[in-house]
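Just so you know, we're using my numbering here: the sequence shown kicks off at 66 and counts up by one. Where is the CB? At the ideal position from N, CA and C, for every residue including glycine. Being a predicted model, the structure only gives us computed values, none of them experimental. Take a look at the structure set out below.
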Amino acid sequence: MTTTVQAVTRKQIDAEIRQALAAIYLAAYGDPSLPESQLDADNFVTSTIRRHSRRAGFRLILATTDGEASGYAYGFTGKRGQFWSDWLSGAAPADIVETWVGDHFELVDIVVDPKHRGQGIAGLLHDRLVEGLPQQKALLATTPDGGAAARLYGGRGWQVLVPEIDGAKALYGLDLADRTV
Ligand SMILES: CC(C)(COP(=O)(O)OP(=O)(O)OC[C@H]1O[C@@H](n2cnc3c(N)ncnc32)[C@H](O)[C@@H]1OP(=O)(O)O)[C@@H](O)C(=O)NCCC(=O)NCCS
């Protein structure tokens, strides 16, 4: 199997790319037999990605495995005044907020189609997504269990800043200023 990753700009998100993103989202988060899952995936590409792609610092990476879209990763510059930054400012301890929140790179999601998991694709997507980022800090929230997401981020320099920020999710931070690459 051969996987390549490529950056996709906002202007390059055409019908074909929207369809690929929706298919990965549906396979990862939905039940393809349910109409509501299809609607959810459609909403992701027609509303969420459209809105997020207008934000400063938007970066989207698409993985293709043997000619088929297999995963995506994206984020943007998080700023005070946006929903998640403002929510975090109330939910995280003040010292964490002061050091980490605002003008950070907000890693929204890394998603790999279940049929392509366990082949290092998330690692490729992650490394390309954070490569050369101009921000000093990066933030994300995910479940800190022993699963793939915790392994993925834990092995790539991310630290748990707040163990329980949103139900079972932890707030993770990556100090980009500390990078050697
Ligand atoms: C998390 C996710 C992106 C991982 O995708 P993937 O392509 O299978 O991951 P990779 O093969 O690149 O593996 C990443 C790391 O997880 C480990 N891993 C993979 N599958 C695992 C599993 N089932 N259990 C535990 N660890 C696992 C790998 O060994 C690797 O660790 P390493 O970097 O120390 O070698 C994928 O499971 C997914 O799409 N999940 C749903 C969406 C999600 O939760 N995204 C993260 C939230 S931001």
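Return the chain-ordered list of same chain residues with a C-beta closer than 7 Å to the C-beta of residue i, the five sequence neighbours on each side being excluded.
{"i": "Arg221", "result": "His191"}
{"i": "Asp131", "result": "Met66 and Thr67"}
{"i": "Gly102", "result": "The question names Gly, but residue 102 in the sequence shown is Ser. Correct list, in chain order: Leu91, Gly95 and Asp96."}
Measuring alpha carbon to alpha carbon, tell me which residue in the options is nearest residue i.
{"i": "Phe141", "options": "Gly167, Pro209, Tyr218 and Ala80", "result": "Gly167"}
{"i": "Gly136", "options": "Phe170, Val173, Ile89 and Ala80", "result": "Ile89"}
{"i": "Gln84", "options": "Asp96, Ala106 and Ser102", "result": "Ala106"}
{"i": "Thr164", "options": "Leu204, His181, Gly146 and Gly232", "result": "Leu204"}
{"i": "Leu86", "options": "Thr68, Val110 and Ser102", "result": "Val110"}
{"i": "Ala128", "options": "Ala215, Asp231 and Arg182", "result": "Arg182"}
{"i": "Glu196", "options": "Glu81, Ser154 and Gly122", "result": "Gly122"}
{"i": "Val241", "options": "Leu194, Glu133 and Glu229", "result": "The identity of residue 241 in the sequence shown is Leu, whereas the question assumes Val. Leu241 has its Cα closest to that of Leu194, out of Leu194, Glu133 and Glu229."}
{"i": "Asp79", "options": "Ile114, Pro100, Gly219 and Ser98", "result": "Ile114"}
{"i": "Asp160", "options": "Arg120, Gln77, Val227 and Arg244", "result": "Val227"}
{"i": "Ala134", "options": "Ile82, Asn108, Asp243 and Trp149", "result": "Ile82"}
{"i": "Arg120", "options": "Gly219, Gly143 and Arg244", "result": "Gly143"}
{"i": "Arg116", "options": "Ser98, Pro100 and Phe148", "result": "Phe148"}
{"i": "Glu229", "options": "Pro100, Arg244, Asp243 and Pro158", "result": "Pro158"}
Return the chain-ordered list of same chain residues with a C-beta closer than 6 Å to the C-beta of residue i, the five sequence neighbours on each side being excluded.
{"i": "Tyr139", "result": "Leu125 and Val173"}
{"i": "Trp223", "result": "Tyr237 and Leu239"}
Can you give me the Cβ contacts of residue i inside the same chain, cut-off strictly under 8 Å, excluding the 5 residues immediately before and after it?
{"i": "Ala93", "result": "Val176, Val177, Asp178 and Pro179"}
{"i": "Gln184", "result": "Met66, Thr68 and Thr130"}
{"i": "Val162", "result": "Leu153 and Ser154"}
Since residue i contacts residue j with CB under 8 Å, what's their CB separation in whole angstroms?
{"i": "Val73", "j": "Leu189", "result": "Contact doesn't hold; Cβ gap of about 15 Å is too wide."}
{"i": "Ala213", "j": "Ala187", "result": "7 Å"}
{"i": "Gly238", "j": "Lys202", "result": "6 Å"}
With a threshold of 16 other CB atoms inside 10 Å of the CB of residue i, please say whether the residue is buried or exposed.
{"i": "Trp152", "result": "exposed"}
{"i": "Leu170", "result": "In the sequence under discussion, the amino acid at residue 170 is Phe, which differs from the Leu named in the question. It is buried - the Cβ of Phe170 has at least 16 other Cβ atoms within 10 Å."}
{"i": "Gly211", "result": "exposed"}
Would you check if the distance between the CB atom of residue i and the CB atom of residue j is smaller than 9 Å?
{"i": "Arg75", "j": "Ser112", "result": "no"}
{"i": "Val225", "j": "Leu217", "result": "no"}
{"i": "Ala206", "j": "Asp231", "result": "yes"}
{"i": "Lys234", "j": "Pro199", "result": "no"}
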